[in-house]
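The structure under discussion appears below in the form of structure tokens.
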């Protein structure tokens, strides 16, 4: 008995030395299939599936594939072969998980078809084709002669059917070949992290063609609650990319369903791996399988997005990773982020339900929206990070990017949440001791900045903000925001003023969301005086400017804290006040120094610090100025010579100890699909304070083309320092 995804196969056939299926087609005519050639090389090239290492044939739907049958005798002219394909348990033609069809002279029909390509004596080559809406997954292929009873079917073997971005009739069709190469076939990529003013690129190994990954991706579908509860119906829905992506969005996180990755955003990562230590999806997916589907610890947003990109590319859906800077998490679903602060600009966490993350990472997949209409085809937002429940499950999407840009938040799925992530208004409230509150002027254009993804064919960053919204602050953008508020609260026709729930039980009129706070008569911004290097003192200045022709007095309350990338404060590292007199049109600087000793113990792996200045003007005006800082580090990777398949080449990595103290027990961790068979660990000698050192190691590429090599400097004394390089591997001569 052999186990397959979704069904069991009873093996009643024999194997030849070539490993191909053989079997009898029946007793009366005395004909047997003595050999099956699945033509893996030819079919793999035609279907862009030659990189999958699994033993079965992998093909894409809506496209023909060939196999050659060697028979014990030639077919008579009146004899016809009847094929049966089945997927999932209790396969049935009614559920479109089973099809019975026979060879004909016609090339294509509406459903599954088979056509004779060539016949030479007892060798027959046939061309099989699935409809472009076929269920994806692992199929069992059987055959019989037209003159035989149904129970005479003989199993030829299994093959895997995937979505097909190359097929114009498939819902996932993507017209550009360059984009198909990037978003379906590229097995490495870039994830952008950091802060709006300092965006950093991190390499990620998707590895969708590595050993066992396709099987694991099919297992993810089979482990979903929908499959466990009603497997036959679940499999029948796998023709629809909307359904499949929604299942994957839920299954990549472990909430609700013992999915792949367990999230954790603060504290220690005991019993697991820090999210920042992952360099790709392969180790995570393989660990999930080897651990008998126990959730892998731990992930944060870029880990969830990297894993989901691997799974969807593996299944044949064009997918990319997208980073949104200053990303809103609108918990009370009113399309605004309400932040409550004290007189020093420090966030009051017990009052502030909403949040704005320095960055948030999700996915976009390309497919048609048959449920919404052609206007909403194209990129669809999907998010596996467990933030809010959607229909009782932690998942998000698919939400049409076009719908988000146009404010059509009433459309499926999860439009209001995604719209708020990129276009919520950012409103700051000063909370007084008497529990009254006061709106403080801050940047309402802050949410949804520098929305970024990797460029097609290169490692550069592409800003796609204009796909999500019209220019911030423009008349069109304000109209769309108003439209979204009206659609969300259903008051477009009535015109009545409507209460909107706020954090802490407070309410505002809906109309007040569209009115900006009064702009104060002073301006302020933080300026970095020296590059903020890990292990060094921070030197900045708060620059204040009087915008009027009269003198003004300003009370400046400064605070600073180490933070997570979610902007959740960890520890306060700055707390001071200044009285400033500004003459007419005068500008002044307040110097700020934060010593390394002040922040070293409380710095998180995110290496982030948040500064705030609450400026209180004599006339009662208030201005909040904030600055997010990411500490910089250093690593350089060089390949010393040409890289060729099967030939060792030396890699040199140069690192710097960023601290003003001696460190030991450091290591380099290297990973790269097609460059290394497994993750490599190299010890680094003890490093003196701020010492620069070079370490060399060899790699032997196994695949040609551009390959991504990731190298991290890992130390118990400071957060990981990450780097990557693209290695162009030539075919051996």
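In the working numbering, the protein residues as written are 232 to 964. Every residue gets a Cβ at the ideal spot worked out from N, C-alpha and C, and that includes glycine. All of these numbers come straight from a predicted model, not from anything done at the bench.
CB contact flag (residue i, residue j, <7 Å)
{"i": "residue 435", "j": "residue 422", "result": "yes"}
{"i": "residue 554", "j": "residue 683", "result": "yes"}
{"i": "residue 527", "j": "residue 655", "result": "no"}
{"i": "residue 719", "j": "residue 864", "result": "no"}
{"i": "residue 545", "j": "residue 444", "result": "yes"}
{"i": "residue 649", "j": "residue 612", "result": "yes"}
{"i": "residue 615", "j": "residue 414", "result": "no"}
{"i": "residue 609", "j": "residue 711", "result": "no"}
{"i": "residue 882", "j": "residue 928", "result": "yes"}
{"i": "residue 884", "j": "residue 945", "result": "no"}
{"i": "residue 849", "j": "residue 923", "result": "no"}
{"i": "residue 699", "j": "residue 635", "result": "yes"}
{"i": "residue 629", "j": "residue 476", "result": "yes"}
{"i": "residue 431", "j": "residue 590", "result": "no"}
{"i": "residue 898", "j": "residue 887", "result": "no"}
{"i": "residue 356", "j": "residue 349", "result": "yes"}
{"i": "residue 912", "j": "residue 438", "result": "no"}
Separation of residue j from residue i, as counted between CA atoms
{"i": "residue 561", "j": "residue 942", "result": "36 Å"}
{"i": "residue 626", "j": "residue 490", "result": "11 Å"}
{"i": "residue 486", "j": "residue 456", "result": "12 Å"}
{"i": "residue 758", "j": "residue 859", "result": "11 Å"}
{"i": "residue 959", "j": "residue 840", "result": "37 Å"}
{"i": "residue 909", "j": "residue 902", "result": "7 Å"}
{"i": "residue 842", "j": "residue 680", "result": "19 Å"}
{"i": "residue 247", "j": "residue 308", "result": "Because residue 247 carries a pLDDT of 33, less than 50, the predicted location of this residue cannot be relied on, and the following value inherits that uncertainty. Straight-line Cα distance between these residues: approximately 28 Å."}
{"i": "residue 333", "j": "residue 458", "result": "31 Å"}
{"i": "residue 685", "j": "residue 939", "result": "14 Å"}
{"i": "residue 704", "j": "residue 524", "result": "47 Å"}
{"i": "residue 745", "j": "residue 660", "result": "For residue 745, the predicted structure reports a pLDDT of 45, less than 50, and the residue's modelled location is therefore unreliable. The matter cannot be settled from this model."}
{"i": "residue 714", "j": "residue 601", "result": "24 Å"}
{"i": "residue 790", "j": "residue 845", "result": "9 Å"}
{"i": "residue 386", "j": "residue 263", "result": "12 Å"}
{"i": "residue 358", "j": "residue 646", "result": "43 Å"}
{"i": "residue 300", "j": "residue 695", "result": "50 Å"}
{"i": "residue 442", "j": "residue 669", "result": "58 Å"}
{"i": "residue 363", "j": "residue 631", "result": "22 Å"}
{"i": "residue 751", "j": "residue 558", "result": "26 Å"}
{"i": "residue 728", "j": "residue 566", "result": "Low confidence applies here, because residue 728 scores a pLDDT of 38, under 50, leaving its location unreliable and the question unanswered by this model."}
{"i": "residue 298", "j": "residue 950", "result": "54 Å"}
{"i": "residue 341", "j": "residue 460", "result": "31 Å"}
{"i": "residue 953", "j": "residue 419", "result": "15 Å"}
{"i": "residue 400", "j": "residue 606", "result": "17 Å"}
Reduced DSSP secondary structure (H/G/I, E/B, other) of residue i
{"i": "residue 470", "result": "coil"}
{"i": "residue 481", "result": "helix"}
{"i": "residue 799", "result": "coil"}
{"i": "residue 409", "result": "helix"}
{"i": "residue 537", "result": "helix"}
{"i": "residue 908", "result": "coil"}
{"i": "residue 588", "result": "strand"}
{"i": "residue 263", "result": "strand"}
{"i": "residue 288", "result": "strand"}
{"i": "residue 725", "result": "At residue 725, the pLDDT of 34 sits below 50, so the modelled position is not reliable; the number obtained from the coordinates is stated separately. Residue state, collapsed to three classes: coil."}
{"i": "residue 678", "result": "coil"}
{"i": "residue 545", "result": "helix"}
{"i": "residue 626", "result": "coil"}
{"i": "residue 822", "result": "strand"}
{"i": "residue 519", "result": "helix"}
{"i": "residue 460", "result": "helix"}
{"i": "residue 445", "result": "helix"}
Presumed contact (8 Å Cβ cut-off) between residue i and residue j, rounded CB distance
{"i": "residue 957", "j": "residue 937", "result": "5 Å"}
{"i": "residue 821", "j": "residue 806", "result": "About 14 Å; that fails the 8 Å criterion."}
{"i": "residue 494", "j": "residue 484", "result": "6 Å"}
{"i": "residue 479", "j": "residue 552", "result": "Incorrect: roughly 14 Å between the Cβ atoms, too far for contact."}
{"i": "residue 496", "j": "residue 795", "result": "6 Å"}
{"i": "residue 876", "j": "residue 963", "result": "5 Å"}
Evaluate the contact criterion for the region 617-625 versus the region 691-699: three or more CB pairs, one atom per stretch, below 8 Å.
no
On the three-pair Cβ rule with 8 Å, is the region 881-898 touching the region 399-413?
no
Do the region 322-337 and the region 463-480 touch if we need at least three Cβ pairs shorter than 8 Å?
yes
Pairs of beta-carbons, one from the region 789-806 and one from the region 571-581, closer than 8 Å: are there three or more?
yes
Would you check if the region 272-289 and the region 312-327 touch, i.e. whether three or more CB-CB distances between them fall below 8 Å?
no
The region 286-300 contacting the region 389-397, beta-carbon criterion three pairs below 8 Å
The answer is yes - the region 389-397 touches the region 286-300, with three or more Cβ pairs under 8 Å.
Decide if the region 659-678 is in contact with the region 505-518; the criterion is three or more beta carbon pairs, one per stretch, under 8 Å apart.
no
Would you check if there are 3 or more beta carbon pairs closer than 8 Å linking the region 871-880 to the region 768-783?
no
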